[in-house]
Amino acid sequence: MAGSAGGATAAFSRLLARSVTDDWRVTSYSGLQQNGHSAAQDLLPRLDVDAAGVGEVAEEPQLTPHQFPRGASPGTFLHSLFEDLDFTQPVPADWMAARLQLSGFEEKWTPVLTAWLDGVLRTLCPARGIALNQLSEGDKQVEMAFILPIEQPLDPLRLDALIRQYDPLSVDTPNARFPPGAGDAERLYRPGVSHNGRYYLLDYKSNWLGENREAYTQDAMRQAMRSHRYDLQYQLYSLALHRYLPPPHCRL
3 MAGSAGGATA AFSRLLARSV TDDWRVTSYS GLQQNGHSAA QDLLPRLDVD
53 AAGVGEVAEE PQLTPHQFPR GASPGTFLHS LFEDLDFTQP VPADWMAARL
103 QLSGFEEKWT PVLTAWLDGV LRTLCPARGI ALNQLSEGDK QVEMAFILPI
153 EQPLDPLRLD ALIRQYDPLS VDTPNARFPP GAGDAERLYR PGVSHNGRYY
203 LLDYKSNWLG ENREAYTQDA MRQAMRSHRY DLQYQLYSLA LHRYLPPPHC
253 RL
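The numbering of the sequence shown is our numbering, which starts it at 3 and goes up by one.
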C-alpha cells in the first residue's frame with residue numbers, strides 16, 4: 003500500500019507465485035464407484051441402491067417379490083423397511099400397509115412384502131448359523147458416519163492391485179476409475195451387529211437378477227457384487243468399523 007501527494011492511498015495485491023493443486027476433496031464409496039464423473043455428486047448423501055433392469059414388470063395373477071417395481075425409489079423404500087424393523091418380532095401387516103401407502107405403492111403388495119421380510123429375518127447365515135431375528139435391538143448399532151483420511155493421493159490402479167491381493171471377490175472386478183487425489187472418504191456405513199464377540203456389517207441390496215428365486219444363485223450374486231464394485235464398498239466399511247472398535251474388540 004502506498005500514499006500519494008493528495009493523501010490518498012492505493013492498494014496492491016500480492017501475486018501468487020506458486021501453483022495450487024485441486025486434487026483434495028471429500029469423496030465416498032458412491033463417488034469412487036461412479037468413476038469420478040462428478041466431484042459435486044460425491045458430497046450428496048444417498049443410499050447405495052441399485053437395481054438392474056429399471057422399470058415395471060407386467061402384473062401376473064400370483065404376485066411375488068420379483069414383480070415388485072424396480073428402480074432407485076423402490077430400492078430405497080425396501081432399504082428403509084429394514085432400518086425401522088425390530089428383527090425379533092414378526093413383521094406387522096398393518097405396519098407394512100401403512101409404509102406402502104406412505105411411499106405411494108399399492109396395498110396389494112402388503113402380504114407379499116410382509117411374508118418376504120419375515121423370510122429374510124428367519125434365514126440363517128450359512129457361515130455363522132445365525133439369523134437376523136436372533137438379534138435384539140441391543141445387538142444392533144444404527145448407521146454412523148465415518149471419515150477416513152487419505153493423506154496420500156489415492157490411485158485407482160494401486161488400490162485395485164492392493165485389494166486383489168487379499169479379497170478373491172475383487173480379482174475379476176472392473177477396474178476402479180476415479181481421478182487420483184487426497185482428502186477424506188466420508189460415508190454412512192450400514193448398521194453393525196454384534197454376536198458372540200464378533201461384529202458384522204449389514205447392507206441391504208435390491209438388485210433384480212431374474213423373475214424367480216432360481217435366478218439368485220451364488221454365482222449370479224457374486225457377479226452382481228463384482229460388477230457394481232460392492233467389494234470396495236464393504237472393504238471401506240470394514241476398515242471404518244475396524245478403526246472404530248478398540249482392541250481387543252476389533253474382530254470382524
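Built from N, CA and C at the ideal position, the CB exists for glycine as well.
Who are the near neighbours of E139 in its chain, counting only those whose CB is closer than 7 Å to its CB and skipping five residues on each side?
Excluding positions up to five away in sequence, the list reads D88.
Buried or exposed: D96, going by 16 or more other Cβ atoms within 10 Å of its Cβ?
The residue in question, D96, is exposed, as its Cβ has fewer than 16 Cβ neighbours within 10 Å.
Can N214 and H68 be called in contact, C-beta distance under 8 Å?
Yes, the Cβ-Cβ distance between N214 and H68 is below 8 Å.
In whole angstroms, give me the CA-to-CA distance for T175 and H230.
Between the alpha carbons of T175 and H230 lies a gap of roughly 8 Å.
To the nearest angstrom, how far is it from the Cα of A242 to the Cα of P181?
Between the alpha carbons of A242 and P181 lies a distance of about 22 Å.
What residue range does the alpha helix (DSSP H) around Y168 cover?
Boundaries of the alpha helix (DSSP H) harbouring Y168: 158-168, taken from the DSSP string.
So Y232 is in the alpha helix (DSSP H); what residue range does that whole segment cover?
Segment 232-246, the alpha helix (DSSP H) holding Y232.
How about L171 and D221: do their beta carbons lie closer than 8 Å?
No. Outside cutoff.
What does a CB cutoff of less than 6 Å around L65 pick up in its chain, not counting 5 residues either side in sequence?
Same-chain partners within the cutoff: V114.
Out of R16, Y202, R224, which one is the CA nearest neighbour of C127?
Distances from the alpha-carbon of C127 to those of R16, Y202, R224 put Y202 closest.
Let me confirm a value: R72 is counted as buried when at least 16 other C-beta atoms fall within 10 Å, else exposed. Which label applies?
Buried: at least 16 other Cβ atoms inside 10 Å.
Measure the beta-carbon distance from Q143 to G199 and round it to whole angstroms, keeping in mind my assumption that it falls under 8 Å.
Actually they do not touch by this definition, with Cβ atoms about 15 Å apart.
Please report the distance separating the alpha-carbon of A147 from that of F14.
Each residue's CA atom was taken as its position, placing A147 and F14 some 45 Å apart.
Reduced DSSP secondary structure (H/G/I, E/B, other) of A19
DSSP, reduced to helix, strand and coil, places A19 outside both helices and strands of the structure shown, so it counts as coil.
Should R225 and D169 be called a contact, given that it needs their Cβ atoms to be closer than 8 Å?
Sequence check: residue 225 is Gln here, not Arg. No, these two residues do not count as a Cβ contact at 8 Å.
Measure from the alpha carbon of R228 to the alpha carbon of each residue in I165, S196, G212, then state which is nearest.
Taking only the C-alpha atoms, the option nearest R228 is I165.
Outcome for N209 when other beta-carbon atoms lying within 10 angstroms are tallied against a minimum of 16
By the Cβ neighbour-count rule, N209 is buried, with 16 or more other Cβ atoms within 10 Å of its own.
Quick one: what does DSSP say E153 is sitting in, helix, strand or coil?
Three-state DSSP puts E153 in a strand.
Buried or exposed: where does V93 fall if 16 or more other Cβ atoms within 10 Å of its Cβ makes it buried?
Buried, because 16 or more other Cβ atoms sit within 10 Å of the Cβ of V93.
Out of E153, Q235, D205, P249, state which residue places its alpha-carbon closest to the alpha-carbon of V122.
The shortest C-alpha to C-alpha distance from V122 to any of E153, Q235, D205, P249 is the one to D205.
May I have the straight-line CA-CA distance separating P1 from P158, to the nearest angstrom?
In the structure displayed, the chain extends from 3 to 254; residue 1 sits before or after that span and is not available.
Among the residues of its own chain, which have a CB less than 8 Å from the CB of P76, if the five just before and after it don't count?
Closer than 8 Å at Cβ, skipping near neighbours: A53, F70, F107, S208.
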